[in-house]
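**Student:** Heads up: the sequence shown at position 167 corresponds to 279 in the working numbering, and the numbers run straight through without jumps.
Every residue gets a Cβ at the ideal spot worked out from N, C-alpha and C, and that includes glycine.
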Amino acid sequence: MRDRDPEMTTALPFALARRWLALADRPLRRGVMASDLRALDAPSLALFFQYLLAHRDRDDARVLYLDTAVVTLESDTLARETRRDLLGRLGQDPSWPVFAFLSDAPEGRPPAVTSERPYDFEDIPVGVRKARARLRDLDTLFKMSADPDPSVIRILLDNPMSTEDHALRVASLRPQSRGNFLEVVRSRFGVRERVQAALADNPFCPVRLAVALTPLLTRPHLEEVRDASVLDPRVREAARVLLTGGP
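Given below as structure tokens:
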């Protein structure tokens with residue numbers, strides 16, 4: 113069990129929000145958030161997650177919600193015992209299915225596919241593909257968006273020439289490598305609602321990530337997710353609860 117900072121364990125949600133929003137640099141903010149979240153106890157964490165969900169219609173809360181989801185889904189941010197305690201406390205919340213991304217439940221069987229999608233650069237070494245992902249040619253970058261390697265996609269989405277359309281293609285491709293989904297949501301395009309909806313609506317997206325994104329979706333997109341029979345029941349249930357406001 114990690115030693116906890118006594119000041120952090122009693123931090124109120126709005127105080128945490130103010131502290132983190134003061135950091136404009138996204139990677140720096142997420143690093144500080146990860147450190148702070150590790151120092152919080154389960155009661156404080158539960159209050160903070162409920163605070164974010166209740167205020168998700170505000171732009172600043174949406175930014176923090178996405179950042180919190182990203183750092184929470186990364187390994188070792190919250191200890192397993194802390195997440196179990198946290199889930200137990202959030203289990204009484206009417207919106208508890210939305211917090212399923214904190215669970216250790218298995219991902220489930222991926223969708224069946226009849227054939228792999230073709231990729232023009234499949235036989236080219238990863239190092240060469242990374243170099244091409246840094247190019248300024250939009251047609252090449254669009255072709256590179258089909259790359260199955262997350263390290264290539266990370267470089268591609270960080271390329272100043274890349275657009276939301278490149279991120280949307282990565283988010284929408286089926287089948288898709290699991291690691292590529294997290295690269296999309298980590299990127300500067302992860303804040304775009306169209307990109308978030310494409311991720312949540314893709315049956316190959318990891319269940320925990322798809323559930324975590326549902327509070328950021330507009331009502332039409334939530335309805336699409338709720339009614340999509342190809343999606344995991346946990347994702348559809350999170351969308352349903354957000355639409356109805358409770359069980």
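#1: Run through DSSP, which three-state label would Phe316 get?
#2: Over what stretch of residues does the alpha helix (DSSP H) that includes Leu268 continue unbroken?
#3: Look at the alpha carbon of Ser257 and the alpha carbon of Leu355, and state the distance between them as a whole number of angstroms.
#4: List the endpoints of the continuous alpha helix (DSSP H) containing Thr180.
#5: My output table needs one value for Arg168: the three-state DSSP class, helix, strand or coil.
#6: Please report the distance separating the alpha-carbon of Arg196 from that of Leu247.
#7: Should Pro318 and Arg290 be called a contact, given that it needs their Cβ atoms to be closer than 7 Å?
#8: Just to confirm, is the Cβ distance from Ala351 to Leu334 under 7 Å?
#9: Cα-Cα, which of Gly239, Asp232 and Leu325 is closest to Phe254?
#10: Which residue comes first and which comes last in the alpha helix (DSSP H) that contains Gly143?
#11: When we look at the beta-carbon of Gln308 and count the other beta-carbons within 10 Å, is it buried (16 or more) or exposed?
#12: Taking C-beta to C-beta, are Val182 and Arg346 nearer than 7 Å?
#13: Have a look at Leu128, Val342 and Asp205 and flag the residue whose alpha-carbon is nearest the alpha-carbon of Asp148.
**Tutor:** With the structure as the only source:
#1: coil
#2: Pro262 to Asp270
#3: 33 Å
#4: Asp171 to Leu185
#5: coil
#6: 45 Å
#7: yes
#8: yes
#9: Asp232
#10: Arg138 to Ala151
#11: buried
#12: no
#13: Leu128
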